[in-house]
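Visitor: Dropping a structure here in structure tokens format, bear with me for questions.
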Amino acid sequence: MKPEDLDVKAAAELSKQQAFDIRLFTCSSRGCQSSEALGVIAGLKAEIKARQLEGKVQVNGSGCMGLCSKGPLVRMTAKSQKDILFSEIKPEMAVTVVEQVVLPVLEGKKVENPGGDLKRHTLDLNDPFFAMQVYSVLENNGKMDPEKLDDYIARDGYKALRKALTMSAEEICKEMLASGLRGRGGAGFPTGMKWDLTRKVAADIKYIICNGDEGDPGAFMDGSVLEGDPHAVIEGMLIAARAMNATHGVFYIRAEYPLAVERVEKALRQARAAGLVGKNVLDSGWGFDFEIRLGAGAFVCGEETALIASIEGKRGTPRPRPPFPAVKGLWDQPSCINNVETLANVPLILLKGAKWFASRGTEKSKGTKLFALTGKSKNNGLVEVPMGMTLRDVVEKLGGGTGSGLKIKAIQTGGPSGGMIPEHQFDTPVSYENLQMLGSMMGSGGMIVIDENDSVVELAQFYLDFCVDESCGKCAPCRIGGTQMLHLLNKIVDGKGTAQDIKTIRKVAKAMQKASLCALGQTAPNPTLSAIRHFEHEFTERLLPAAPPQV
Amino acid sequence: MSTPIDVATTVKVVAARAAVEPQDEITLIANKWKMKRGSLIMALHDLQSRVGYVPRESAMKLGRQMGVPLARIYEVVTFYNYFKLEAPGKYVISVCLGTACHIKGSAELLSGMERELNVHEGQSTPDKEYHLQAVRCLGCCGLAPLVSVNGKVYAKLKTTDSRTVIDRIQIDKPMVEADQELLAD
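Protein sequences, first through last, are from chains A and B.
Note that the first sequence covers residues 1 to 551 in the numbering used here.
Note that the second sequence covers residues 1001 to 1185 in the numbering used here.
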């Protein structure tokens, strides 16, 4: 494909799309597929075909539209009226959707608030859950089919790559740096700086690696992005490759996400066939290709050096840094590892400009952030909010509170590496610094809501148990410290703990934080420490009653 | 009385056996991956997706063909939670113990399953019909708590739903789809 062919393709696809009066998008991501979304798509297709409306109505799959707890979601876009978002549509309801909405709209009627059977299956797009989100990485979800390359191209896909091919590596790094984009995997290292470090290392072979391991239990943003917009991540990686003169791309995706793997494989095949990936990218003479490697269920593999070991086919144990992967990474070659969401932001920044990106967010945390809002939240699902939105807005307005009448006690961000944030601190704006200041961290974006009936002691135990289970065992502070801490915590949960145990937990935690080899061990004590810090009474209530004084 | 030998059928049967004979699949897997550096984990994924676990004999053959010592294979298989060393039951029931599911009572759901099937987590029923395992987050947190059976997800369950899920399995009979990619590549 030549650079100018992108415009031709986009125009052709757009005019094809405009020929349809109605386009239906059914979420075909993992969550909705488990609620029979594929049956819904098949049902809609059959209804449309039976009525010979194939020229007027297009039936598509789509990426995640956010409100996973109400899936399968179906979005209808029509030329003649506002969009409608249907929820909890079952395959047998396809006929109702077509008869009560599609047909009347085709006849020129306005059906913006369907009544009858569909009334309770129609979501209000003005509800804060949708209205307060700022879609950027998720912009394409619900508006295109992730399995169709032309759909992506029609939505300005691969135009950022085209631009990158006219820029020098240094210029791309500078643009990234100016945007203020920071790693969305959790640590928040400036992406432009990371690229620039790798760029400056001279080598014949360099790797750009996409970290799609997403091991945080309770987070599904990266999986959703890979499933919902795989080409955006591929394009982000191609741009990253140009920025640091990388020669090979590797997707590392957790095996528990078979659909994400399938979508990336398919997208790569399409991109190769179209000349966007392969020997001659966009007819530029530059060749670049990707490999896919699967994780195998190890949380520690989210850590860069452990991830590299895993790609090399070994046990995923981290090694001391330096040397950093930018100098000595995969197969001892300079390597740059970026998170899925980070990479999905890249094409947008290059196309719309660093200034546009930096216009959202706080002073040091720019852009938007995806969160997987789950737990006791009324609205469960994937949300994208601008940095700087208060936690209260996210939890209470977007999330709609608990919906059960119970009060929210706290949220946990950052998964097993993060901490609990009590309700009285919810007015804090979301940023890397603020969350750290509160004793938690941004993490990859899990946000678990717990209510007044949930025990923070047991939640801390849950996370610590997870970290102990996932510790690779290489360094003693994490392997032994974690186990000892868990013993003490178990004792407290069982009502056999003493005040001294809480003190010892603090001591062990400090040793783990200071002496562990990698972030897993360094951060494993965080949930427990934050729980003790904010809810110490819940721990002391469970302690053994103090022994009566000896006479 | 001797049975006449139908040559054509015999050839077909032999060919069909060869096609499903796991040892030959191992050669296919080894050939697919042995030229790619560091591909042991990928080869093991292929093996497990065909056989359901990593049998010792298969691992030995794979190792010989890929030039990887058995000890290294064992080292890798035991490190990663995903790989199994024993044959699981026909229906692998994965109870999600991710945080969202945990908050919504997945531990109770799991112990209900253990009671119903009379096995512990990580074990198979004696008749090899069910294998019960706990997994860390299947990424459908919005639908918590949930259970996945051979890849089919039963979502938005109640903590008391263990019997219901088992009954549904017998109706749905979810089966693992064979890995079609392997032979295509």
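Ideal placement from N, C-alpha and C gives every residue a C-beta, glycine not left out.
Whose Cβ in chain B lies nearer than 8 Å to the Cβ of cysteine 68 of chain A?
Guide: The answer, in chain order, is Cys1140, Cys1141, Gly1142, Leu1143.
Visitor: Under 8 Å by Cβ, that's how I've got glutamate 538 of chain A and serine 455 of chain A pegged, so tell me the actual separation to the nearest angstrom.
Guide: Contact flag correct, Cβ pair sits at about 7 Å.
Visitor: Cβ atoms of methionine 76 of chain A and valine 59 of chain A: under 8 Å apart, would you say?
Guide: No, the pair does not count as a contact, with Cβ atoms beyond the cut-off.
Visitor: For asparagine 126 of chain A, tell me which candidate among A:Tyr257, A:Lys397, A:Lys507, A:Asn338 has the shortest Cα-Cα distance.
Guide: Residue A:Lys397 is the option with its Cα nearest to asparagine 126 of chain A.
Visitor: Is it true that the CB of proline 1174 of chain B sits closer than 8 Å to the CB of leucine 1157 of chain B?
Guide: Result no, Cβ atoms of leucine 1157 of chain B and proline 1174 of chain B do not sit closer than 8 Å.
Visitor: List the residues of chain B that isoleucine 448 of chain A touches, going by C-beta distances under 7 Å, in chain order.
Guide: In chain order: Thr1099, Ala1100, Ile1103.
Visitor: Leaving out the 5 sequence neighbours to the left and right, which residues in its chain are closer than 7 Å to leucine 1085 of chain B when beta-carbon positions are compared?
Guide: Contacts found: Tyr1053, Val1054, Val1077.
Visitor: If we define contact as Cβ-Cβ less than 8 Å, is lysine 374 of chain A a contact residue for chain B?
Guide: According to the sequence as given, residue 374 of chain A is threonine; it is not lysine. Chain B, which has a Cβ nearer than 8 Å to the Cβ of threonine 374 of chain A, makes this yes.
Visitor: Quick one: give me the first and last residue of the alpha helix (DSSP H) that valine 340 of chain A is part of.
Guide: 340-352 is the extent of the alpha helix (DSSP H) around valine 340 of chain A.
Visitor: Assuming threonine 428 of chain A and threonine 390 of chain A are in contact, meaning their beta carbons sit under 8 Å apart, how far apart are those beta carbons, in whole angstroms?
Guide: Right, their Cβ atoms sit about 6 Å apart.
Visitor: Leaving out the 5 sequence neighbours to the left and right, which residues in its chain are closer than 7 Å to methionine 1042 of chain B when beta-carbon positions are compared?
Guide: Excluding positions up to five away in sequence, the list reads Trp1033.
Visitor: Beta-carbon of leucine 555 of chain A versus every beta-carbon of chain B: anything under 8 Å?
Guide: The structure shown does not extend to residue 555 of chain A, since chain A spans only 1 to 551, so no value can be given for it.
Visitor: Give the range of the beta strand (DSSP E) segment to which threonine 77 of chain A is assigned.
Guide: That run of the beta strand (DSSP E) goes 74-78.
Visitor: Given valine 1013 of chain B, which residues of its chain have a CB within under 6 Å of its CB, disregarding the five upstream and five downstream residues?
Guide: Interpretation of valine 1013 of chain B is limited by its pLDDT of 48, a score under 50 that renders its predicted location unreliable; the figure taken from the coordinates is listed afterwards. Excluding residues within five positions, none has a Cβ falling inside 6 Å.
Visitor: Reducing DSSP to helix, strand and coil, say where arginine 1056 of chain B ends up.
Guide: In this structure, arginine 1056 of chain B counts as helix in the three-state DSSP scheme.
Visitor: Please report the straight-line C-alpha distance between lysine 1090 of chain B and alanine 296 of chain A, rounded to a whole angstrom.
Guide: C-alpha separation (whole angstroms): 21 Å.
Visitor: Under 8 Å, do leucine 555 of chain A and alanine 12 of chain A count as touching if we go by C-beta distance?
Guide: The displayed coordinates of chain A run from 1 to 551. Any statement about residue 555 of chain A would go beyond what the structure contains.
Visitor: Taking the straight line between their C-alpha atoms, what separation do you get for glycine 1038 of chain B and arginine 23 of chain A?
Guide: Distance between the alpha carbons of glycine 1038 of chain B and arginine 23 of chain A is about 45 Å.
Visitor: On the criterion of 16 or more Cβ atoms from any shown chain inside 10 Å, does alanine 131 of chain A qualify as buried, or is it exposed?
Guide: The residue is exposed, with fewer than 16 neighbouring Cβ atoms inside 10 Å.
Visitor: Give the range of the alpha helix (DSSP H) segment to which glutamine 484 of chain A is assigned.
Guide: Glutamine 484 of chain A -> alpha helix (DSSP H) spans 476-493.
Visitor: Quick one: what's serine 1094 of chain B bridged to in DSSP?
Guide: DSSP lists B:Gln1133, B:Ser1148 as partners of serine 1094 of chain B.
Visitor: Who are the neighbours of leucine 294 of chain A on chain B, taking C-beta pairs under 9 Å?
Guide: Those within 9 Å of leucine 294 of chain A in chain B are Ile1041, Met1042, His1045, Tyr1082.
Visitor: Give the list of continuous beta strand (DSSP E) stretches no shorter than 3 residues that lie fully inside the region 388-417 of chain A.
Guide: Qualifying beta strand (DSSP E) stretches, in chain order: 408-413.
Visitor: Given that a residue counts as buried once 16 or more other Cβ atoms are within 10 Å of its Cβ, and exposed if not, what is lysine 79 of chain A?
Guide: By the 10 Å Cβ count, lysine 79 of chain A comes out exposed.
Visitor: Going by Cα to Cα distance, which pick from A:Tyr432, A:Ala306, A:Ala546 is closest to arginine 182 of chain A?
Guide: Here the closest residue by C-alpha is A:Tyr432.
Visitor: My guess is that proline 416 of chain A and phenylalanine 371 of chain A are in contact by the Cβ rule of under 8 Å, so how many angstroms apart are they, rounded?
Guide: Contact flag wrong, Cβ pair sits at about 16 Å.
Visitor: Is the beta carbon of isoleucine 349 of chain A closer than 8 Å to that of serine 179 of chain A?
Guide: It is a contact, given that the beta carbons lie within the stated cut-off.
Visitor: At 7 Å on the CB atoms, spell out the chain A contacts of alanine 1155 of chain B, in chain order.
Guide: Within 7 Å Cβ-Cβ: Ser34, Ser35.
Visitor: Name the chain B residues that come within less than 7 Å of arginine 30 of chain A, Cβ to Cβ?
Guide: Within 7 Å Cβ-Cβ: Gly1139, Cys1140.
Visitor: Is the CB-CB distance between threonine 540 of chain A and leucine 489 of chain A below 8 Å?
Guide: No, these two residues do not count as a Cβ contact at 8 Å.
Visitor: When you compare the CB of valine 1076 of chain B with every CB in chain E, is at least one pair closer than 8 Å?
Guide: In summary, chain E is missing from the structure at hand, where the protein chains are A and B.
Visitor: Under the three-state reduction of DSSP, which class applies to serine 250 of chain A: helix, strand or coil?
Guide: Strictly speaking, residue 250 of chain A in this sequence is valine, with serine absent from that position. Correct three-state label for valine 250 of chain A: strand.
Visitor: In terms of alpha-carbon separation, which member of B:Gly1142, B:Thr1160, B:Leu1047 lies closest to leucine 1062 of chain B?
Guide: Nearest C-alpha to leucine 1062 of chain B: B:Leu1047.
Visitor: Take aspartate 613 of chain A and list the residues in its own chain whose beta-carbon comes closer than 8 Å to its own, dropping the five residues that flank it on each side.
Guide: Here chain A covers residues 1 to 551 and nothing more, so residue 613 of chain A does not appear.
Visitor: Tell me where the alpha helix (DSSP H) around glycine 381 of chain A begins and ends.
Guide: Segment 381-386 is the beta strand (DSSP E) holding glycine 381 of chain A; no alpha helix (DSSP H) there.
Visitor: Keeping to the same chain, check which residues put their C-beta closer than 7 Å to that of methionine 588 of chain A; ignore five residues upstream and five downstream.
Guide: The requested residue 588 of chain A does not occur in the structure, where chain A is confined to residues 1 to 551.
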